[in-house]
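Numbering (the numbering used here), first residue to last: 1034 to 1205. What follows is one structure encoded as structure tokens, with my remarks underneath.
So this is what it looks like as structure tokens:
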């Protein structure tokens, strides 16, 4: 009887615990498309009012090689500055989403970015992929890679290989 009295509260506690957990399945592809339609308005149109609505207040750039904000947590003002800095350098940028794949709390986007480098007046088109972390219907952070080499080539940059070391003199 004592065991039964101990088991009943345990079963009740477990049932209560599991029934209180949210059955969050993650974001659907339709929800992701709607979210990223709004995100594109931030980047393509410069509509910074949307930042507070769809970007988490502690947005993390987990991995984005050579991005000055990589490995940082951005508040809304810093996120807006990042957008403004990018749009100042490339005022006519247009992101086009080629694919969106949603699974759980992650969304993968494959995109093309077109624009003109303001100082050089050179147009560019590059592709990339970003995995976003979604929490509570907001963008919480990302991991990103894109064709920076192709981007720099289109702007006229070249890569000069390092000079080969002189071969050692042969002993006679």
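Yeah, the Cβ is synthetic: ideal placement off N, Cα and C, and Gly gets one too.
CA-CA distance, residue 1080 and residue 1118?
Between residue 1080 and residue 1118, the C-alpha separation is close to 14 Å.
So what does residue 1135 bridge to, in DSSP terms?
Answer is 1140.
Does residue 1069 come out as helix, strand or coil in the three-state DSSP assignment?
In the displayed model, residue 1069 falls within a helix according to three-state DSSP.
Suppose you measure from the CA of residue 1138 to the CA of residue 1132; what does that come to, to the nearest Å?
C-alpha separation (whole angstroms): 17 Å.
Quick check on the DSSP output: the alpha helix (DSSP H) that includes residue 1163 runs from which residue to which?
Note, residue 1163: premise wrong, no alpha helix (DSSP H); beta strand (DSSP E) at 1155–1168.
Starting from residue 1091, follow the beta strand (DSSP E) in both directions and report where the run begins and ends.
Unbroken beta strand (DSSP E) run through residue 1091: 1088–1096.
For residue 1174 versus residue 1123, is the C-beta distance shorter than 9 Å?
Not a contact, by the Cβ cut-off of 9 Å.
Any contact of the segment 1105–1121 with the segment 1181–1189, i.e. 3+ C-beta pairs under 8 Å?
Counting C-beta pairs with one atom in each stretch, the segment 1105–1121 and the segment 1181–1189 have fewer than three that are closer than 8 Å, which means they do not touch.
Are there 16 or more other CB atoms within 10 angstroms of the CB of residue 1054, so buried, or fewer, so exposed?
A caution first: residue 1054 carries a pLDDT of 40, below 50, which makes its placement in the model unreliable, though a value can still be read off. Burial call: exposed.
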